[in-house]
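Residue numbers (my numbering): 216 to 424.
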């Protein structure tokens with residue numbers, strides 16, 4: 216399988232099988248307080264790079280939320296025609312805090328288990344906003360979804376998941392410190408896939424076949 220084909224297949228798998236299972240906030244860097252009308256979208260899957268906002272393809276509202284499939288390293292064993300590809304998925308989302316209509320507020324209820332029921336505010340009451348650093352939860356909820364799909368699979372987009380090499384994940388760091396690009400949140404997942412090696416016959420040998 217060609218390298219470009221492998222990358223395209225992984226992106227297609229993410230776009231069709233993973234991203235539709237979750238919705239995350241659509242970024243608005245100019246309006247993100249109590250006036251922000253919460254809007255959720257499915258993440259977009261990108262190959263190798265996440266485009267800048269002025270280079271987005273038609274129909275994509277924002278570069279984030281997204282998952283970017285990057286081929287970090289490959290290895291071809293020519294004796295058995297086996298190719299192993301180490302992929303890194305870069306996850307990104309945006310969340311500056313809790314907006315009114317997404318917060319469940321407690322209400323005392325003696326008949327309910329625990330003595331409380333929960334409700335969402337609406338109308339003017341919903342225009343509340345609590346800026347906080349809890350957006351990382353969105354990022355890890357997205358990671359949990361992807362980890363579940365990877366670890367339950369034997370094959371991904373026509374490639375065998377090399378389970379014996381495991382799956383790794385974590386936060387991006389710089390000089391030992393976790394990235395802080397609030398209100399954007401990032402993490403990564405790495406795993407290894409395997410497929411056959413596609414090799415062409417050199418022209419100088421064609422006459423001997």
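The beta carbon of each residue, even a glycine, is placed where N, CA and C say it ideally should be.
In the DSSP output, what is residue 409 paired with across the bridge?
Residue 409 is bridged to 299 and 375.
Skipping 5 residues on each side, what residues in its chain have a beta carbon closer than 7 Å to that of residue 220?
Closer than 7 Å at Cβ, skipping near neighbours: no residue.
Which two residues bound the contiguous alpha helix (DSSP H) that contains residue 281?
No alpha helix (DSSP H) holds residue 281; the beta strand (DSSP E) holding it covers 281 to 292.
Secondary structure at residue 218, three-state DSSP: helix, strand or coil?
Helix, per DSSP.
Could you tell me whether the stretch 266 to 283 touches the stretch 390 to 397, where touching means 3 or more Cβ pairs closer than 8 Å?
Judged by Cβ distances under 8 Å, the stretch 266 to 283 makes no contact with the stretch 390 to 397, as fewer than three pairs qualify.
Does any CB atom of chain D fall closer than 7 Å to the CB of residue 271?
You won't find chain D in this structure, because it holds only one protein chain.
Have a look at residue 349 and residue 309 and give me their C-alpha separation to the nearest angstrom.
If you take the alpha carbons of residue 349 and residue 309, they lie about 11 Å apart.
Could you check where the alpha helix (DSSP H) with residue 177 kicks off and where it finishes?
There is no way to answer for residue 177, as the model of the chain reaches only from 216 to 424.
Return the residue from the list 397, 410, 234 and 298 that minimises the CA-CA distance to residue 304.
Considering only alpha carbons, the answer is 234.
With a CB to CB cut of under 8 Å and the five nearest residues on each side skipped, what residues in its chain are close to residue 404?
For residue 404, where only same-chain residues beyond five positions count, the Cβ hits under 8 Å are 303, 304, 306, 358, 361, 362, 365, 382, 383 and 384.
For residue 239, count neighbouring C-beta atoms within 10 Å of its own C-beta (all shown protein chains included) and say buried if the count is 16 or more, exposed if not.
When all chains shown are included, residue 239 counts as buried.
Just tell me which of 387, 300 and 372 has its CA closest to the CA of residue 227.
Closest by alpha carbon: 372.
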